[in-house]
Amino acid sequence: MATKATKGIKPANGSNGADGVHSYHAATTQEAISAEKAFAAHNYHPLPVVFARAQGTTVWDPEGREYLDFLSAYSAVNQGHCHPKLVAALVEQASRLTLSSRAFYNDVFPRFAEFVTKFFGFDMVLPMNTGAEAVETGIKIARKWGYKVKGIPENQALVLSAENNFHGRTFAAISLSSDPESRENYGPYLPGIGCTIPGTDKPIAYNDKAALREAFEKAGPNLAAFLVEPIQGEAGIVVPDEDYLQEARALCDKHNVLLICDEIQTGIARTGKLLCHEWSGIKPDMILLGKAISGGMYPVSAVLGRKDVMLTIEPGTHGSTYGGNPLACAVAIRALEVIQEEQMVERAEKLGHVFRDGLLAIQNPIIQTVRGKGLLNAIVIDESRTNGRTAWDLCMLMKSKGLLVRSNPSVSFGINSGDLLTVSIRPNLLTRILFVLHLPWSSQKRKSRRLWTLSRSQLENCPLLPVRLRMRSFLHPRRRSRLPLKTKSRNARRT
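Under the UniProt record's numbering, the sequence shown has 375 at position 375, and the numbering climbs by one with no breaks.
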């Protein structure tokens with residue numbers, strides 16, 4: 001008999017619930033949405049589509065409708081949904097040992113620590129679980145280093161970031177933020193961290209070297225660290241000048257300040273480099289990793305840095321029950337091996353050029369510019385030409401055509417990360433985008449979010465398929481009218 005809490009949630013695939021996990025699946029899209037609305041806090045406004053199954057770039061809802069995932073879980077599944085090599089690693093380790101806590105040693109974390117530090121070229125690692133935890137940990141290490149090594153007076157250490165940053169939703173992250181929506185009614189904020197020039201209300205504008213120099217000068221000797229995204233993702237794929245990070249590195253060296261690069265969204269092959277800061281030819285003192293480090297299989301994050309910085313953390317001063325657990329470590333090692341084995345860095349760089357060329361060829365007056373690195377790209381839209389249409393209109397339209405995107409109240413309409421192999425196995429991808437741009441939009445409107453971001457396309461898991469770039473075939477105008485809009489049930493076909 002169904003209880004009040006479970007009423008309306010039925011076993012999937014005709015299961016009576018006896019076969020384990022299937023009993024937890026919602027039977028229909030509407031049942032899932034209704035139950036979430038009734039029992040879960042409303043901290044998101046999702047598009048009305050329910051993920052029931054996924055493989056590579058493709059997602060199916062409970063009714064079997066097929067979609068192309070253009071979000072990629074905010075770049076967490078760069079390797080593709082349910083990559084078979086990652087599933088195998090997860091299952092193998094889960095049947096052996098999942099958790100020891102750091103109160104004891106386990107036989108996987110030491111291998112992970114050696115592997116990840118050599119893989120990214122840093123001395124030491126401190127493992128955590130989520131990206132926001134990595135940010136918090138990086139700030140704690142920076143302050144600790146500031147007091148123990150630099151000699152900053154107690155409780156006077158400063159950590160600065162740039163305007164329009166996104167480093168998470170925890171108190172340290174929103175204290176760094178300039179986003180009113182993230183900060184409203186959550187104060188007071190943590191002292192000593194922020195994105196304004198110390199002693200003023202003037203923001204530290206991103207990609208503004210003069211503002212950065214002024215911030216360092218005004219902060220004085222109490223500045224412990226500068227935390228920066230190599231490309232600002234949530235702000236609209238804002239790509240700085242090549243010498244911006246070089247200037248940040250030079251200022252940090254001059255003032256004895258730690259440079260911390262938040263690579264949680266930009267790192268791990270996304271931009272055509274293993275880590276995005278490599279485009280500037282600099283090396284930060286610490287990097288923050290998350291998301292794709294585990295390929296969407298399990299929450300894993302990490303702080304990597306110089307030995308003298310990392311060893312300022314002492315036993316008992318920071319930790320996590322799950323951080324460094326054997327299941328997470330096994331999955332993360334395999335996820336990074338997949339990045340290397342399937343040459344995703346090289347593919348992102350090569351196909352990024354192809355993808356941007358295709359976007360530039362769209363020739364629509366609504367498009368102001370195209371920008372990005374590798375497969376992290378954006379189209380900037382002329383807001384004066386939107387005629388009152390909203391992000392929600394666009395998201396719903398794209399959903400009806402089998403493309404899943406999300407709205408973003410930023411200043412750009414981003415097609416973030418074209419996809420490593422979609423060009424070869426879905427040759428109509430850009431045609432679909434072209435076609436949508438030329439369709440009349442839905443009349444449904446939402447009060448806010450009048451600009452949008454079409455977010456990260458999935459990285460297709462298909463290592464045996466060769467990459468064939470056929471730009472002419474899927475950008476040719478005559479192909480647009482024959483666009484296949486596939487959203488019908490395909491339960492019989494499993495990739």
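For each residue, glycine too, the CB sits at the ideal point set by N, CA and C.
Bear in mind that the values here come from a model prediction, so they are computed numbers and not experimental data.
Exercise. Taking 8 Å as the cut-off, decide whether the C-beta atoms of Arg374 and Gln79 are in contact.
Key: The sequence given here has Gly at residue 374, not Arg. No, the pair does not count as a contact, with Cβ atoms beyond the cut-off.
Quiz prompt | Minimum length 3: unbroken beta strand (DSSP E) runs contained in the segment 150-204 | solution = Those beta strand (DSSP E) runs which fall completely within the segment 150-204 and span 3+ residues are 158-160.
Quiz item: Any chance the segment 306-324 sits against the segment 121-132, with 3 or more Cβ pairs inside 8 Å?
Solution: The segment 306-324 vs the segment 121-132: in contact.
Exercise. Grab me the residues of Leu259's own chain with a C-beta within less than 7 Å of its C-beta, minus the 5 sequence neighbours each way, in chain order.
Key: Taken in chain order, the residues that qualify are Phe226, Ala248, Arg249, Cys252, Pro284 and Asp285.
Quiz prompt | Residues near Ala73 by beta carbon distance below 6 Å, same chain, minus five either side | solution = Here the set comprises Gly296.
Quiz prompt | Exposure of Arg96, with buried meaning 16 or more beta-carbon neighbours within 10 Å | solution = The residue is exposed, with fewer than 16 neighbouring Cβ atoms inside 10 Å.
Self-check item: Buried versus exposed call for Val238 [16 or more other C-beta atoms within 10 Å across all chains shown]
Solution: Val238 is buried by the Cβ-count criterion.
Quiz item: Which residues mark the beginning and the end of the beta strand (DSSP E) in which Phe226 is found?
Solution: For Phe226, the enclosing beta strand (DSSP E) begins and ends at Leu223 to Val228.
Exercise. Going by DSSP, name the residue or residues bridged to Pro127.
Key: Pro127 is bridged to Ala302.
Quiz item: Does DSSP put Cys276 in a helix, in a strand, or in coil?
Solution: DSSP places Cys276 in helix when its eight states are reduced to three.
Quiz item: Hey, Ala292 and Ser75: beta-carbon distance below 8 Å or not?
Solution: Yes.
Practice problem: Specify, as a first and last residue, the run of the beta strand (DSSP E) that Asp69 falls within. | Solution: Glu66 to Asp69 is the extent of the beta strand (DSSP E) around Asp69.
Practice problem: Ignore the nearest five residues each way along the sequence and tell me which others in Ala205's own chain have a CB closer than 8 Å to its CB. | Solution: Residues Ala162, Glu163 and Ala211 of the same chain have their beta carbon placed closer than 8 Å to that of Ala205, with the five preceding and five following residues left out of the count.
Practice problem: Could you have a look at Gln30 and say whether DSSP puts it in helix, strand or coil? | Solution: Three-state result, Gln30: helix.
Self-check item: Cβ neighbours of Leu404 in the same chain (closer than 8 Å, five flanking residues each side left out)
Solution: Once the five neighbours on either side are set aside, the close Cβ partners of Leu404 are Leu47, Val49, Val59, Tyr67, Leu68, Asp69, Phe70, Leu71 and Met398.
Exercise. Return the residue from the list Lys85, Lys37, Tyr24 and Ala27 that minimises the CA-CA distance to Val338.
Key: Ranking Lys85, Lys37, Tyr24 and Ala27 by Cα distance to Val338 puts Lys85 first.
Practice problem: For Gly267, count neighbouring Cβ atoms within 10 angstroms of its own Cβ and tell me buried if that reaches 16, exposed if not. | Solution: With 16 or more Cβ atoms within 10 Å of its Cβ, Gly267 is classed as buried.
Quiz prompt | At least 3 beta-carbon pairs within less than 8 Å: the segment 325-335 vs the segment 298-314 | solution = Yes, they touch.
Exercise. Have a look at Thr271, Leu288, Glu184 and Trp279 and flag the residue whose alpha-carbon is nearest the alpha-carbon of Glu136.
Key: The shortest C-alpha to C-alpha distance from Glu136 to any of Thr271, Leu288, Glu184 and Trp279 is the one to Leu288.
Self-check item: 6 Å Cβ shell around His476 - same chain, five flanking residues per side excluded
Solution: Residue placement at His476 is flagged as unreliable, the pLDDT there being 24, under the threshold of 50; a coordinate-derived value is accordingly withheld.
Quiz item: Once you ignore the five residues that flank Pro240 on each side, which residues in its own chain have a CB closer than 6 Å to its CB?
Solution: Excluding positions up to five away in sequence, the list reads Asn207.
Practice problem: Could you check what DSSP says for Gly358 in three-state terms: helix, strand or coil? | Solution: It is helical.
Quiz item: With distances taken from CA atoms, which of Phe51, Pro62 and Phe39 is nearest Thr28?
Solution: Just measuring C-alpha positions, the residue of Phe51, Pro62 and Phe39 sitting nearest Thr28 is Pro62.
Self-check item: Range of the contiguous alpha helix (DSSP H) that encloses Leu336
Solution: Pro326 to Glu341 is the span of the alpha helix (DSSP H), which, as asked, contains Leu336.
Quiz prompt | Member of Thr312, Ala142 and Leu376 whose CA lies at the smallest distance from the CA of Gln156 | solution = Residue Ala142 is the option with its Cα nearest to Gln156.
Quiz item: Closest to Leu275 by CA distance: which of Ala328, Gln363 and Phe122 is it?
Solution: Ranking the options by Cα distance to Leu275, first place goes to Phe122.
Self-check item: Proximity to Met344 [Cα-Cα], best of Lys273, Asp308, Thr57 and Ala224
Solution: The option with the nearest alpha carbon to Met344 is Lys273.
Quiz prompt | Continuous beta strand (DSSP E) stretch holding Gln376: start and end | solution = For the record, residue 376 in the displayed sequence is Leu; it is not Gln. Bounds of the beta strand (DSSP E) holding Leu376 are Leu376 to Ile381.
Quiz prompt | Close beta carbons around Glu234, own chain, < 6 Å, minus the five adjacent residues each side | solution = These residues qualify, in order along the chain: Phe166.
Self-check item: For Ala54: DSSP bridge partner residues
Solution: DSSP lists Val59 as partners of Ala54.
Quiz item: With respect to the alpha helix (DSSP H) encompassing Gln93, which residues constitute its N-terminal and C-terminal limits?
Solution: Here the alpha helix (DSSP H) through Gln93 covers Pro84 to Ala94.
Quiz item: Taking the DSSP output, what are the residues bridged to Val135?
Solution: Val135 pairs with nothing; no bridge assigned.
Quiz item: Where Thr271 and Thr200 are concerned, what is the direct C-alpha to C-alpha distance, given to the nearest angstrom?
Solution: For Thr271 and Thr200, the distance between alpha carbons rounds to 34 Å.
Quiz item: What number of angstroms, rounded off, separates the C-alpha of Val309 from the C-alpha of Thr170?
Solution: About 23 Å.
Quiz item: From the DSSP output, which residues share a beta bridge with His81?
Solution: Partner residues in the beta bridge of His81, as assigned by DSSP, are Gly56.
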